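In mature numbering (1 follows the signal peptide of the UniProt record, and there is no 0), the protein residues as written are -23 to -1, 1 to 282.
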């Protein structure tokens, strides 16, 4: 299956793809090891609170797990990570094998992780099975890679996590032990397929509400998608950057997903472009990212109302 060219930063850093064959819906533990069945509630609720998976109908959970967590790593996955890591950092294979990866999510440090066969990425598990009482949640993540105590990769990211999808903006500040200043954005998840898109018909308007975020603030996101002419438009408010209008975007089906491309306009001056993608079997979610011409990046995600 073809994957998006930009994915969740943890996967980009690891050089891995979350795509693979699905399991039966069993859970994974926070240390990245397999935990088998998640319990009598199927992993959708723990200790009285909700997870993002609990907002997904049972019939769709296996597909969501496949896209947002992925299969346990194979030897080929690990070997590919070593290769990509050496290319990105300019370091040796021996150092790659000694690399320790740490994730801090909303101030809580997850257990240290080393890519190895039979494990999954702890951050992916956290986004699926961690506490998320609301269907749209913002996560602040710090990712650091060290070799023998020396930092060889560091980044901060903000992730809008919804039941079917992930949208992220991330800022890389260290690559191979050298300071850098790179800002990227991307998305991943269980896409709305072309067949599902066609099944929605040609009548009505889908309304979405959720949140937007940049590296410094968060705001509100509102979007409308007209099924008749297959165009969408919306607005972002509440960011310190200012209010942004998402102009009309035409949505089209590709091989396996549905995308819309449009212009963005900052109220008071400034312009850019945005990409929006539909997720879920009934286009339950829309998420995407904005690249403004002044080099300001914004992500957004919303659920049908």
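For each residue, glycine too, the CB sits at the ideal point set by N, CA and C. Values in this document were obtained by computation on a predicted structure and should not be read as measured data.
Alpha helix (DSSP H) segment containing residue i, residue limits
i	result
residue 159	Per DSSP, residue 159 belongs to no alpha helix (DSSP H); it is in the beta strand (DSSP E), 155 to 166.
residue 45	38 to 45
residue 59	52 to 66
Rounded Cβ spacing between residue i and residue j (contact assumed at less than 8 angstroms)
i	j	result
residue 59	residue 146	That pair is no contact at about 27 angstroms.
residue 204	residue 223	Going by Cβ atoms, the distance from residue 204 to residue 223 rounds to 18 angstroms, so no, they are not a contact pair.
residue 215	residue 197	5 angstroms
residue 31	residue 141	Incorrect: roughly 13 angstroms between the Cβ atoms, too far for contact.
residue 121	residue 134	Their Cβ separation, rounded to whole angstroms, is 12 angstroms, which puts residue 121 and residue 134 out of contact at 8 angstroms.
residue 228	residue 243	No, residue 228 and residue 243 are not in contact; Cβ-Cβ is about 23 angstroms, not under 8 angstroms.
residue 166	residue 143	6 angstroms
residue 276	residue 221	12 angstroms between Cβ atoms; not a contact.
residue 268	residue 249	5 angstroms
residue 258	residue 173	5 angstroms
residue 47	residue 85	Rounded, the Cβ-Cβ distance is 22 angstroms, inconsistent with contact.
Beta carbon of residue i nearer than 7 angstroms to that of residue j
i	j	result
residue 261	residue 281	yes
residue 153	residue 239	no
residue 237	residue 230	no
residue 115	residue 137	yes
residue 45	residue 105	yes
residue 264	residue 278	yes
residue 192	residue 148	yes
residue 70	residue 80	no
residue 113	residue 82	no
residue 164	residue 182	no
residue 94	residue 50	yes
residue 26	residue 108	yes
residue 151	residue 128	yes
residue 217	residue 194	yes
residue 190	residue 213	no
residue 199	residue 209	no
residue 75	residue 124	yes
Residue i, enclosing beta strand (DSSP E) - first and last residue
i	result
residue 229	221 to 230
residue 76	76 to 82
residue 211	208 to 214
residue 129	127 to 138
DSSP three-state assignment for residue i, whether helix, strand or coil
i	result
residue 152	strand
residue -13	Note that residue -13 scores 42 on pLDDT, short of 50, meaning its location in the model is unreliable and no value can be drawn from it.
residue 21	Residue confidence for residue 21 is low, a pLDDT of 46 falling below 50, so the modelled location carries little weight; the figure read from the coordinates is stated next. DSSP places residue 21 in coil when its eight states are reduced to three.
residue 170	coil
residue 16	Only weak support is given to the placement of residue 16: the predicted model assigns it a pLDDT of 31, under 50, and the value that follows is read from those uncertain coordinates. In this structure, residue 16 counts as coil in the three-state DSSP scheme.
residue 241	strand
residue 262	strand
residue 142	strand
residue 30	helix
residue 282	coil
residue 255	strand
residue 70	helix
residue -4	With a pLDDT of 33 at residue -4, under the threshold of 50, the modelled position of this residue cannot be trusted, and the question is left open.
residue 205	coil
residue 6	In this predicted model, residue 6 has a pLDDT of only 31, less than 50, meaning its place in the structure is not dependable; the value taken from the coordinates is given anyway. Residue state, collapsed to three classes: coil.
residue 276	strand
Ranges of the alpha helix (DSSP H) found wholly within the region 84 to 118, counting only runs of at least 4: Runs of the alpha helix (DSSP H) inside the region 84 to 118: 99 to 106.
Runs of beta strand (DSSP E) wholly within the region 175 to 202 (minimum 3 residues, chain order): 182 to 190
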